[in-house]
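Residue numbers (our numbering): 14 to 270.
Here it is, written out as structure tokens:
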């Protein structure tokens, strides 16, 4: 899009420079100024429309193409018809639009350019041999085909790159999920090991306490209050031992994850 704008500015300033330096008659100079003022007017209108409706920029370019073809035709009529060097403008239009829109639009632009060029060829009195005319037309179509095929290849490459980027993005997301799972697994493993260590450290003194509590409980008078208290100690120790066994089983399962 910037290239289109820069090219139009180059045409505008280059055209006024050509009018200043070219050996034109007074009448032709006025006509050339009018032609380039026409180019300036529709170019300005085109970019004002694009500024307010950027979502339709491709449509506005096609409208601008119609005026560009008229502009080149006027230059041809002003500077000698078919023999004028301004016929190169057709090649520029064909190349740009074939590359921008693709092969089908490029061929349509080539057909339109050929018809306009043929009108100038007839109107200017057949100034060049018909073989030269046919050769110039043939180059128009060759250029549109080459630029259109190149644009199609680039479009396929962009789509392929976009598909690869989407696959890469999916792979990265899967790797991130796998990394999170590995981190969670590592945390569970570390938690299991820590739980096992803590359980072993608690279990050793608890076994000793439980052994002494059972021994004391077996020697006490069944009717004494101390017998009741020692029985509570024995029961609570057994409950703690059961909890430690469950923790050890959990830690072994976590270590295997």
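Beta carbons are placed, not taken as given, at the ideal position from N, Cα and C, and that holds for glycine.
query, result
"Can you tell me where the alpha helix (DSSP H) with residue 62 in it begins and where it stops?", "39 to 65"
"Does residue 14 come out as helix, strand or coil in the three-state DSSP assignment?", "coil"
"Would you decide whether residue 64 is buried or exposed? Buried here means 16 or more other CB atoms lie within 10 Å of its CB.", "exposed"
"If you run the structure through DSSP and keep just helix, strand and coil, what is residue 139?", "coil"
"Taking all protein chains shown into account, do 16 or more other C-beta atoms lie within 10 angstroms of the C-beta of residue 224, making it buried, or fewer, making it exposed?", "exposed"
"Helix, strand or coil, according to DSSP, for residue 133 in the structure here?", "helix"
"Can you look up residue 35 in the DSSP assignment and give me helix, strand or coil?", "coil"
"For residue 233, name the three-state secondary structure that DSSP assigns.", "coil"
"Can you check the stretch 86 to 162 for any alpha helix (DSSP H) of at least 4 residues that lies completely inside it and give the ranges in chain order?", "101 to 114, 116 to 136"
"When the distance is taken between beta carbons, is residue 109 closer than 8 Å to residue 99?", "no"
"Among the candidates 256, 50, 38, whose CA atom is the shortest distance from the CA of residue 27?", "50"
"When the Cα of residue 147 is compared with those of 158, 162, 128, 136, which residue comes out closest?", "128"
"Quick one: Cα of residue 268 to Cα of residue 241, how far?", "A caution first: residue 268 carries a pLDDT of 49, below 50, which makes its placement in the model unreliable, though a value can still be read off. When rounded, the distance between both Cα atoms is 41 Å."
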